[in-house]
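Listed below in structure tokens is the structure:
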């Protein structure tokens with residue numbers, strides 16, 4: 001088996017079916033982080049599991065065609081900046097003051113519904129984006145590192 | 001509601017997971033241990049679903065789904081390593 005190629009037709013077909021499933025379920029875990037178990041890190045790691053499945057099933061050559069280092073570094077920075085921006089929204093009262101929940105226009109629905117809990121869903125999405133981009137970048141960097149061989 | 005029959009089923013599954021753990025501990029070759037770990041993963045998913053039913057919490061099923069998806073990726077990574085891919 002060549003090192004740049006995939007694992008065979010069965011694994012690739014199953015990966016084509018499974019990667020959207022893992023991605024959608026990870027997005028569900030991220031977006032329902034304030035209602036169900038999980039949240040930003042757990043959902044982000046689940047979506048990164050989809051990326052790792054792509055890397056394993058299709059090989060490094062296919063992954064390098066779909067992976068953009070600058071885009072993933074921008075996404076990771078954007079996740080951190082969105083988290084910090086949500087923390088700075090209520091800086092008139094205090095740092096990390098949940099002003100979206102107390103008097104914000106959105107995300108202040110009845111507790112238990114999806115659009116509640118103030119800045120928590122936005123922070124979960126930011127952390128999920130950061131974890132996904134960071135883990136996929138780390139896995140691609142480790143996979144393309146050559147110490148032995150050519 | 002704590003339903004006792006779900007706990008009995010969990011006890012049966014945990015006993016069979018320990019039986020599969022013997023294959024992991026004293027399997028003579030590496031693929032034997034990988035198959036043992038895969039069996040333990042599947043049994044643990046079943047135990048998680050049964051415990052979610054026993055404690056009457058539907059949100060516990062989410063963890064079982066995530067564990068089933070990610071154990072597949074883990075087994076696939078070991079298989080890829082054993083066949084010598086991604087050098």
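Chains as they are written, first to last, in my numbering: chain S, 1 to 150; chain U, 1 to 87. Cβ atoms here follow ideal geometry from the backbone N, Cα and C, with glycine treated the same way.
Classify residue 73/S: buried if its beta carbon has 16 or more other beta carbons within 10 angstroms, exposed otherwise. One-based indexing of the first chain puts residue 73/S at position 73. For residue 73/S, the number of other beta carbons within 10 angstroms of its own is below 16, and it is reported as exposed.
By how many angstroms is the C-alpha of residue 125/S removed from the C-alpha of residue 97/S? Taking the first residue of the first chain as 1, we reach residue 97/S at position 97. Taking the first residue of the first chain as 1, we reach residue 125/S at position 125. One alpha carbon belongs to residue 97/S, the other to residue 125/S, and they sit about 18 Å apart.
Tell me whether residue 2/S sits in a helix, a strand or coil according to DSSP, three-state version. Locating residue 2/S in the first chain gives position 2, where the first residue counts as 1. For residue 2/S, the pLDDT reaches just 49, beneath the cut-off of 50, and the residue's location in the model is therefore unreliable, leaving the point undetermined.
Does residue 73/U have its Cβ less than 9 Å from a Cβ in chain S? For the purposes of this step, residue 73/U is taken as residue 73 along the second chain, with counting starting at 1. By this cut-off, residue 73/U is an interface position.
Does any C-beta atom of chain S lie closer than 9 Å to the C-beta of residue 55/U? Along the second chain, read from residue 1 onward, the residue named residue 55/U stands at position 55. No, its Cβ sits nowhere closer than 9 Å to a Cβ of chain S.
Which whole-angstrom value is the C-beta distance of residue 79/S and residue 136/S, which I expect to be below 8 Å? To locate residue 79/S, count along the first chain from 1; it is residue 79. To locate residue 136/S, count along the first chain from 1; it is residue 136. The C-beta separation of residue 79/S from residue 136/S comes to about 13 Å, leaving the pair out of contact by the 8 Å criterion.
By the three-class DSSP mapping on this structure, what secondary structure does residue 37/S have? In the first chain, residue 37/S corresponds to position 37, counting from 1. Looking at residue 37/S - three-state DSSP - the assignment turns out to be coil, as it is neither helix nor strand.
For residue 111/S, list the residues DSSP reports as bridge partners. Start at 1 with the first residue of the first chain, and residue 111/S comes out as number 111. Partner(s): 113/S.
How is residue 32/S classed by DSSP in three states: helix, strand or coil? Here residue 32/S refers to the residue found at position 32 when the first chain is read from its first residue. In the displayed model, residue 32/S falls within coil according to three-state DSSP, outside both helix and strand.
Listed from N- to C-terminal order along the chain, which residues in the segment 132-145 of chain S have their beta-carbon within a distance smaller than 9 Å of any beta-carbon of chain U? From the segment 132-145 of chain S, only 143 have a Cβ closer than 9 Å to chain U.
Mind checking the segment 96-124 of chain S against chain U and listing, in chain order, the residues whose C-beta falls within less than 7 Å of any C-beta there? In summary, no residue of the segment 96-124 of chain S has a CB separated from any CB of chain U by less than 7 Å.
Establish whether the CB of residue 1/S and some CB of chain U are separated by less than 9 Å. Here residue 1/S refers to the residue found at position 1 of the first chain. Note that residue 1/S scores a pLDDT of 44, beneath 50, so its modelled location is shaky and nothing firm can be said.
Neighbourhood of residue 189/S by C-beta distance below 7 Å, restricted to the same chain and skipping five residues each side: Residue numbering for chain S in the displayed model covers 1 to 150; residue 189/S lies beyond these limits and cannot be assessed.
Should the segment 45-59 of chain S be regarded as contacting the segment 17-31 of chain S, the criterion being three or more beta carbon pairs within less than 8 Å? Short answer: they touch.
With distances taken Cα to Cα, identify the nearest neighbour of residue 105/S among 94/S, 69/S, 89/S, 95/S. On the first chain, position 105 is the one that residue 105/S refers to. Per the Cα distances, 89/S.
Taking the straight line between their C-alpha atoms, what separation do you get for residue 122/S and residue 86/S? Your numbering for residue 122/S matches position 122 in the first chain. Your numbering for residue 86/S matches position 86 in the first chain. Roughly 7 Å between the two C-alpha positions.
Looking at the structure shown, is residue 41/U part of a helix, part of a strand, or coil, going by DSSP? Counted from its first residue, the second chain places residue 41/U at position 41. Look at residue 41/U here: in three-state DSSP terms it is helix.
Rounded to the nearest angstrom, how far is the Cβ of residue 15/S from that of residue 58/S, given a contact under 8 Å? On the first chain, position 15 is the one that residue 15/S refers to. On the first chain, position 58 is the one that residue 58/S refers to. At roughly 7 Å, the Cβ-Cβ gap stays under 8 Å, so residue 15/S and residue 58/S are in contact.
I need the straight-line Cα distance from residue 55/S to residue 16/U, nearest angstrom please. As a working mapping, residue 55/S is identified with position 55 in the first chain. As a working mapping, residue 16/U is identified with position 16 in the second chain. Cα to Cα, residue 55/S sits roughly 33 Å from residue 16/U.
Can you pull the chain U neighbours of residue 57/S, defined as C-beta to C-beta under 8 Å? Locating residue 57/S in the first chain gives position 57, where the first residue counts as 1. Within chain U, the residues near residue 57/S are 76.
Select from 30/U, 20/U, 68/U the residue whose C-alpha is nearest the C-alpha of residue 40/U. Taking the first residue of the second chain as 1, we reach residue 40/U at position 40. If you compare the alpha carbons of 30/U, 20/U, 68/U with that of residue 40/U, the shortest gap goes to 20/U.
Check distances from the C-beta atoms of the segment 24-42 of chain U to those of chain S and list, in chain order, the residues that come in under 9 Å. Within the segment 24-42 of chain U, no residue qualifies.
Within 10 Å of its beta-carbon, does residue 76/S have 16 or more other beta-carbons around it, so buried, or fewer, so exposed? As a working note, residue 76/S is residue 76 in the first chain. It is buried - the Cβ of residue 76/S has at least 16 other Cβ atoms within 10 Å.
Counting only beta-carbon atoms, is residue 70/U nearer than 9 Å to chain S? On the second chain, position 70 is the one that residue 70/U refers to. At least one beta carbon of chain S lies nearer than 9 Å to the beta carbon of residue 70/U.
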